[in-house]
Each structure stands twice: as structure tokens, then as C-alpha cells.
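In short: position in the sequence shown from 1, add 8, done, that's the working numbering. The C-beta atom is built at its ideal place from N, Cα and C for all residues, glycine as well. These notes concern the structure reproduced below.
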Amino acid sequence: MYNNYSYSLVGEQNPTTILVLTRTSRERIKMQQDKMTTETQTLVVYPISSAVREAELFLKKVEGIMTTNEIQKKFLDEIHAYCKGDISQIKEIESIADIDNEQINKWLEERGFQIRLEPFGSGGFGVASVLDLLGKWAMKGKKWSVKTEDDEYFPGVKMTTYGSKFYRVKDNSNFIIDIETKDSDHVHLMMVDEVPTGLALLDFVEKIHKEKMTVPFEYDGFI
9 MYNNYSYSLV GEQNPTTILV LTRTSRERIK MQQDKMTTET QTLVVYPISS
59 AVREAELFLK KVEGIMTTNE IQKKFLDEIH AYCKGDISQI KEIESIADID
109 NEQINKWLEE RGFQIRLEPF GSGGFGVASV LDLLGKWAMK GKKWSVKTED
159 DEYFPGVKMT TYGSKFYRVK DNSNFIIDIE TKDSDHVHLM MVDEVPTGLA
209 LLDFVEKIHK EKMTVPFEYD GFI
């Protein structure tokens, strides 16, 4: 899945529209056949922020950024302003800006993308950003089968080696599970019935993060 964002940056050159490309994944999970399907909602803001930053560096002198809708304004004012200082410290993010679409196409192909950008036209240029992050659990789980209420089975993983950090939030009885990766990153997992889309998802997650409370875990593990 590709997310496309267009901005206009104003500098010494004429205003130029920039196509920011980021790659996210969306997987469909079949929970109960013919009854319920859910899709994961993915929001990755740092690659987008990195692409905007790369465009600013490419232009060298930018007086400001003109947005075309409220979502872009929210992203620049509330997210990019906060994230851009961290970009250089995230080794898994790469970005490129160029007036030659073929240079960007080659760069994307080398990183597993098959999208092909068309020529940008006079005065135009393109930007691409990739976040390549593979997380491996610090401690392995065991292969397991998950049984549903209607006696269907689905493949799963049972984790019994974690238990030091579990949280809950008000009005949700499900645990928030903290799993560490081999690179010392932490992944928080939580079951939620409904989640918003777009940038509203970021606000939703931040609210959970602020309100989460540490709770004891009274089970042998989780699946």
C-alpha cells in the first residue's frame, strides 16, 4: 500500500508540488468466517516527516510550506515539527530527492519497490522515503492454535516468557502487552473493537499511551 501526500514548498524557486511516497502494510485477518473481518490500521509518520525534511534540504532555502487541506496543516504543525529533529537518529529511514524521476525509480527498485514515477516536468522534483524496520522478539514464543467460539482453529504464538509489563486503560478490559525486541525496541499490543483512521489514529494511540496504568498479570502467558 502506498500513501501519497502532496505539499507545496515555497523557496527561492517557484512553488513545487512534492509527491511523498511511503510504504505501509495492510493485512486482512479472518476472525470468524462469514461473520466478521477486521483490517489492521497502519499509520507511519516518521517516513513522511523524513520526506518533507529531505525536500527542504533539497531546496536549501525554504521560506515556508503551503498546505492544501487541514490534514496537511495538522501534520506539519503538530507532527512534523515534533518529529523532524529525530529523523537523523533513525538509521532505518532513508530518503531521496531528485529532479530526475529515473534516479528515484532506481533507488526505489533497489529497496524492493516496483512503483514507477513519471517525469516531473519543468521545475519539478520528487521525494521518496522508506522505513525498513524488521523487529524480532527478544525471546521466542511457541507455535500454538487459537480456538474460536465456533470451534475454528487459527495459527498463533504463545508467549510465556514475558510478564513484567502489562497495562490497562479505563473502559477497556483487555491487557496492553509490552513485548521487547532484540534491538531493545518495545511493541505494545492491545485488542480494540474500533479504531479511527488517518491522523486520528495517532491521537487515539497517544491517548492510550498517556492513560495506561500498570496492572498485575495473573495468567501463565498470552497468545
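Under a Cβ-count criterion, where at least 16 other Cβ atoms within 10 Å of its own Cβ denotes burial, should residue i be classed as buried or exposed?
i       : result
Pro-23  : Its pLDDT being 39, under 50, Pro-23 is placed unreliably in this model, and the coordinates cannot settle the point.
Pro-55  : buried
Glu-62  : buried
Glu-157 : exposed
Val-138 : buried
Asp-159 : exposed
Ile-95  : buried
Asp-106 : buried
Gln-97  : exposed
Ile-79  : exposed
Met-39  : With a pLDDT of only 33 at Met-39, under 50, the local geometry of the prediction cannot be trusted, and no value is derived from it.
I'd like the list of long-range same chain contacts for residue i, defined as Cβ closer than 8 angstroms, with 5 residues on each side in sequence excluded.
i       : result
Ile-231 : Trp-152, Val-154, Gly-164, Val-165, Lys-166, Met-167
Tyr-161 : Ser-153, Val-154, Lys-155
Ser-200 : Correcting the residue type first, residue 200 is Val in the shown sequence and not Ser. These residues qualify, in order along the chain: Asn-180, Asn-182.
Ile-184 : Phe-174, Tyr-175, Arg-176, Val-177, His-196, Leu-197, Met-198, Ile-216, Lys-220
Met-44  : Bear in mind that a pLDDT of 41 at Met-44, under 50, signals an unreliable position, so the number given afterwards is only what the model happens to contain. Counting only Cβ-Cβ distances below 8 angstroms, and skipping sequence neighbours, we find nothing.
Check whether the Cβ atoms of residue i and residue j lie closer than 7 angstroms to each other.
i       : j       : result
Tyr-175 : Lys-220 : yes
Glu-88  : Ser-130 : It should be noted that the sequence gives His, not Glu, for residue 88. No, the Cβ-Cβ distance between His-88 and Ser-130 is not below 7 angstroms.
Ile-104 : Trp-115 : yes
Val-86  : Asp-140 : Rather than Val, the amino acid found at residue 86 in this sequence is Glu. No, these two residues do not count as a Cβ contact at 7 angstroms.
Phe-212 : Pro-224 : no
Gln-6   : Leu-209 : Residue 6 cannot be examined here, being either before or after the span of the chain that is shown, 9 to 231.
Examine the ligand ZN and report whether any of its heavy atoms sits within less than 6 angstroms of the Cβ of residue i.
i       : result
Ser-130 : With respect to the ligand ZN, the structure offers nothing, as it holds no ligand at all.
In the DSSP assignment, what are the bridge partners of residue i?
i       : result
Val-138 : Glu-102
Trp-115 : In DSSP, Trp-115 forms no bridge with anything.
Lys-151 : Val-165
His-196 : Asp-186
Val-177 : Asn-180
Thr-222 : Tyr-175
Phe-230 : Met-167
Residues in the same chain with beta-carbon distance under 6 angstroms from residue i, minus the five sequence neighbours each way, listed in chain order, please.
i       : result
Val-60  : His-88
Gly-229 : Lys-166, Met-167, Thr-168
Please list, in chain order, all residues of the same chain as residue i whose beta carbon is under 7 angstroms from its beta carbon, the five residues on each side excluded.
i       : result
Lys-144 : Thr-189, Lys-190
Cys-91  : Val-53, Tyr-54, Ser-57
Asp-82  : Checking the sequence shown, residue 82 turns out to be Lys, not Asp. Closer than 7 angstroms at the Cβ level, and outside the excluded window around Lys-82, lie Leu-207.
Glu-126 : Asn-109
Tyr-227 : none
Practice task
Taking 8 angstroms as the threshold, find out whether the region 116-135 comes into contact with the region 189-202 through three or more Cβ pairs.
Solution key: no
Problem - Any 3 or more C-beta pairs closer than 8 angstroms across the region 94-111 and the region 68-78 - result: Contact between the region 94-111 and the region 68-78 is absent, because fewer than three Cβ pairs lie under 8 angstroms.
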